[in-house]
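Chains as they are written, first to last, in numbering that gives the first Met the number 0: chain H, 0 to 233; chain W, 0 to 278; chain L, 0 to 278; chain U, 0 to 240. Backbone N, C-alpha and C fix where the C-beta goes; we use that ideal spot for every residue, glycine too.
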Amino acid sequence: MHLADIDYLAFRGDSFWHKASALSKLIFAAVVISVVVVTRKPLPLVLTLSFLLALLFMAGVPLIKFGHLLFFPALFGSVFAFSRIGGSWLPVTLVIVKSLTAASALLLLIATTGAPAIFACLRLIFPPLIVDALFITYRSFFILLDELTNLFTALKVKGGYSAANLVLNLRNIAGALGLLLVRSLETGERMYKVLVLRGYQEGLRFGGRWYQPTRYDLGPLLACFLVLAWVVIL
Amino acid sequence: MTKVVKVKCLRHVYPDKTEVKLCGLDFVVRAKEKVLILGPNGSGKTTLLNHIIGLLKPVEGEVRVLGVDPVKEFNFLRRRVGIVLQNVEEQIIGPTVWDDVALAPRNFGLNPREVQEMVETVLKEINIWHLKDKIPHYLSGGEKKKVALAGAMVMRPELLILDEPFDGLDPRSKKEILELLRKFNREFGTTIIMANHDVNLVPLIADKVYVISEGSIRLYGTPREIFSRLDVLRQAGLEPPLLVELFYELAQKGVAVDIPLTLEEARRQLLPLLCPGSP
Amino acid sequence: MTKVVKVKCLRHVYPDKTEVKLCGLDFVVRAKEKVLILGPNGSGKTTLLNHIIGLLKPVEGEVRVLGVDPVKEFNFLRRRVGIVLQNVEEQIIGPTVWDDVALAPRNFGLNPREVQEMVETVLKEINIWHLKDKIPHYLSGGEKKKVALAGAMVMRPELLILDEPFDGLDPRSKKEILELLRKFNREFGTTIIMANHDVNLVPLIADKVYVISEGSIRLYGTPREIFSRLDVLRQAGLEPPLLVELFYELAQKGVAVDIPLTLEEARRQLLPLLCPGSP
Amino acid sequence: MSHLHIPDGVIPPIWLALGFSGTAGLLALAIVRTRREEITSSLSRLSVICAFMLLAMSIPLGFLPVHLNLTVLAGILLGPWLGIIASFIVNLILALVGHGGITVVGLNTLVVGSEVVLGYYLFRALRQHMRPTAAAALATALTLLVSMTLMIGLVGLTQIEPSLLLHDHGFSHEEEHEMEALQEISLVRFTQIILPISLVGIILESAVTSLLISYLLKVKPDLISTPKDEGQIEDEQGLPR
């Protein structure tokens, strides 16, 4: 799933799209997704998809590395399309283009925006408990990811992981996961202590200056305008 | 001086029925002291600290922190006691350094301007202002320790408690953290309690030392007093510093030397004995 | 003597574009040596070890372990090289000590009787036979290290690699692990490579020492040679042992002493100089 | 087959809206319930389990096109209410990285949430009659069978979309008739594609869940309990509220 790689990209990149605020990029993603859900016109959809791919390229998102994130939605889209529509190619293509467009919009969002900034914006619509949980899940994910990586290294050096031997893998992975689970629950207990000690109140006000508009916000907003324009006109 | 912490013959039973007892000497910390709790792993150091913090409730015995019972007055103490736990990774919860350090003041309901000011001050004091927008999982071990320290110091606590603060740090980071602790103690009069198993730290930071082993407080004193009781240290499974040991042996052979705490002290004593000609 | 490991001017680029270079001197380990890699955190120690293990593939440079390329011959080397990684918590995977130690031989498809025998032997050698049915999770830090060591030694490797094997251990456990390593080296001729940032270990275990800092192998030599270059050690952010420093300063003041590696050596040199009457 | 890997733009808006409103209602209930208990403790536990699920999903199992989900395990460890919140969080994060559409998060939460809840109650019921490891395996298998049926049903329900799509673009009547004829077969076809993959997934999932439960029972037996028991243990420890 490459959560860690994407996270890295979001924090290390500094394209014009990275510099725009999370809110403006979220609005753009929302506009594209609404278009995908609502419209059935092929031309604007193809145009939007090409536009997104261009934006991804300009934002420095390596499409070769993250291409699978677009490939899977397309694949699943086609499974659904084929199983229900059958052989006629236009609707099938349309479904695939739709899935690709939506996936590209999301990839553009998360590969250029730190997850915490997105979570901070979500505070506008979600209850505080959910947003707090998103923040702590995010942090826990990286703590546990380190541990999982270490566990896998340990397995590898003891000859416990090979691409070919499924049974061996499963047995060893289950062991590693068991350990990771115990460690996760203990991490949770320790985090609980830390939260208590630091006076946790529901609604962690994390997220720094996510709402501060920058001049780079013009980018996403202009993009919204463009997409809406050709959907309406074409 | 006022007693900041007082612990008297503690007994604790964990849910899994393990019993930890800490009797022997009373554990007393006075204002503005830097106190080191020395003991091997598993001797009960963390249990003692958890009682002082108020995370554990003793089955028997008395714990007083800043004059109150830390379990009952937990909320009162939270603003006055800063804590750096052993596993620093799991106490950095915020998505960025700035957010994490701001956690406590925000939770205690301070207004954004105050929060901004407090965080800025503490980050600059600890020299990690440049890290303020960094993501915790891209920091080095030493940097994480400093962030955790900033999170503990941001409320300007009267008492700072650290569990194994130097574990896994290389000499340079260790030195930096030591320097910061000394600075807080000197400039703000912060009382400091540290748990550790490295005897070499004693001369570098401690005003007073408690030696704990097997659930008993065995020894209490200044570093010099502690180092004159090598037998107790060894019994507790702690290795005295080589310099101390060398001078201890010299003294036993009849050479007129005191136990030195620093290299400087050692040299000052030895040089005149060796070459009377030099200054 | 045969060269067990040879690394020549390594360059590695991590996926996040961080570059680690390890040029300077060649890194060579000969059979049956105990080699310590000294350097502060982040100096490239773990990167070097990961190349030797075959977990990382160098962008430039040459790595040879037991005569082969460790990346290409990963599976070949797995039976011949024992490894204790840094985080001992995250490498004990089996639900019991016995299961964990049996992990490697089982993975290599040995039959149950062989596995049984190998595990029993190694557990007894390391003196943890009594722990065999314990759940690793509840062991102490020192015991966990021993279990990890057993897991690495169970295949009787020619080469044993340890990353920060003494971190977080109290003096007693440290001593026990040191003793075990010396024993394996002595009795089975196991070549040992350790990475560490604690200079005080040098006299206790190392035949040869490499000092690494900022991606360069700065210094190579016996412990005595290393300790005669305090300038390089300090530059690399490493603190020389106080005893070494004291004697270094004495020597500079014209006192006729050599750098001592042990307390014994220090005492033997000082006593005659101080009180000519004593033996 | 735990969540629907349906991308955006496949399912008609009405179903998406229904999914979101159902999820919103459930979440609201779950949050009210959670807030009545000790929120800090719930929050930290919820978060690490979400993180654990995300990590378990990212482990490659070799050549198989399936990944672990561990939803029933989450139910056992978190209970039904926190479990529903966890389903939502995990689905939201997955959708953000393009794993299942963002517009399908509502529906997905309902599907996964039903697994969590069903898994929790099945495990509790079965545990009275058999060893916990067997109970975990059986609860997982049963739950996933039910949810798979649910999903196929859902796809069946929502399958009017393609024809709507065609109407709009004025395709010829022949093509439309062809479509209608294909509708019934299509569900079968879909099932044929999904079923074998799902069954492998169910077997794997049940085995791993059972192994994990047995690991937990060995190492930390106190963790497999209802949230109420937990509260009591914490009281004994004297942890302040």
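If you draw a 10 Å sphere on the C-beta of Ser49/H, you find fewer than 16 other C-beta atoms in it, and that means exposed. For Phe226/W, the CB contacts under 7 Å within the same chain, skipping 5 residues up- and downstream, are Pro239, Val243 and Ile258 in chain order. Restricting attention to alpha helix (DSSP H) runs no shorter than 4 residues, the region 178-205 of chain W encloses them at 201-204, ordered along the chain. The way I'd put it, the region 158-174 of chain W does touch the region 77-84 of chain W; three or more beta-carbon pairs between them come closer than 8 Å. Taken through DSSP and simplified to helix, strand or coil, Glu61/L comes out as strand. Three or more beta-carbon pairs separated by less than 8 Å link the region 131-143 of chain L to the region 85-103 of chain L, which places the two stretches in contact.
In summary, Val78/H is buried, with 16 or more beta-carbon neighbours lying within 10 Å of its beta-carbon over all protein chains present. About 6 Å separates the beta carbon of Gly113/H from that of Phe10/H, a gap short enough to meet the 8 Å contact definition. Residue pairing for Cys22/L: DSSP places it in a beta bridge opposite Ser215/L.
With a cutoff of 8 Å on beta-carbon distance, Ala103/W and Arg122/H are scored as not near each other. The Cβ-Cβ distance between Val89/U and Leu137/U does not fall below 8 Å. In the three-state DSSP reduction, Asp4/H falls in the helix class (H, G or I). One Cα belongs to Ser46/U, the other to Ser139/H, and the distance between them is close to 7 Å.
Counting C-beta pairs with one atom in each stretch, the region 4-20 of chain U and the region 90-98 of chain H have three or more that are closer than 8 Å, which means they touch.
For the region 109-138 of chain W, the residues whose beta carbon sits under 8 Å from a beta carbon of chain H are, in order, Asp132, Ile134, Pro135, His136 and Tyr137. Assigned with DSSP and collapsed to three states, His11/L falls in strand. Using a CB distance below 8 Å, the part of the region 31-51 of chain U facing chain H consists of Thr33, Arg34, Ile38, Thr39, Ser40, Leu42, Ser43, Arg44, Leu45, Ser46, Val47, Ile48, Cys49, Ala50 and Phe51, ordered along the chain. Counting other Cβ atoms within 10 Å of its Cβ, Tyr13/L stays below 16 and is therefore classed as exposed. The DSSP assignment places complete alpha helix (DSSP H) segments of no fewer than 4 residues inside the region 120-199 of chain H at 127-156 and 165-196, in order along the chain. Using a Cβ-Cβ cut-off of 8 Å, Gly21/U does not count as an interface residue toward chain H, since no Cβ of chain H sits closer than that to its own. Boundaries of the beta strand (DSSP E) around Lys33/L: Lys33 to Leu37. Secondary structure note for Ile88/U: its alpha helix (DSSP H) is the uninterrupted segment Thr70 to Leu95. With respect to chain W, the C-beta atom of Ala265/L has a partner C-beta closer than 8 Å. Runs of beta strand (DSSP E) with 3 or more residues, each lying fully within the region 119-190 of chain W, are found at 158-162, listed in chain order.
With a threshold of 16 other beta carbon atoms within 10 Å, Gly74/U meets it and is buried. Taking 9 Å as the cut-off between beta carbons, the residues of the region 197-225 of chain U near chain L are Ser213, Tyr214, Lys217, Val218 and Lys219, in sequence order. Beta bridge pairing from DSSP links Arg44/U with no other residue. For Pro14/L, no Cβ of chain U is located within less than 8 Å of the residue's own Cβ. At least one beta carbon of chain H lies nearer than 8 Å to the beta carbon of Pro94/W.
For Val210/W, same chain residues with a beta-carbon under 6 Å away, outside a window of 5 residues either side, are Leu37, Arg217, Leu218 and Ala235 in chain order. Within the region 61-88 of chain U, the residues whose Cβ lies closer than 9 Å to any Cβ of chain H are, in chain order, Gly61, Phe62, Leu63, His66, Leu67, Leu69, Leu72, Leu76, Ile84, Ala85, Phe87 and Ile88. Within the model, the alpha-carbon separation for Leu211/U versus Arg126/U is close to 15 Å. Chain order gives the chain W residues near Pro115/H as Gly93, Pro94, Thr95, Asp98 and Ile134, where near means a beta carbon separation below 9 Å. Residues of chain U with a Cβ closer than 9 Å to the Cβ of Leu68/H are, in chain order, Val96, Gly97 and His98. The alpha-carbon separation between Pro72/H and Tyr160/H amounts to approximately 29 Å. Sixteen is the threshold: since fewer than 16 other Cβ atoms of the shown chains lie within 10 Å of the Cβ of His129/W, the residue is exposed.
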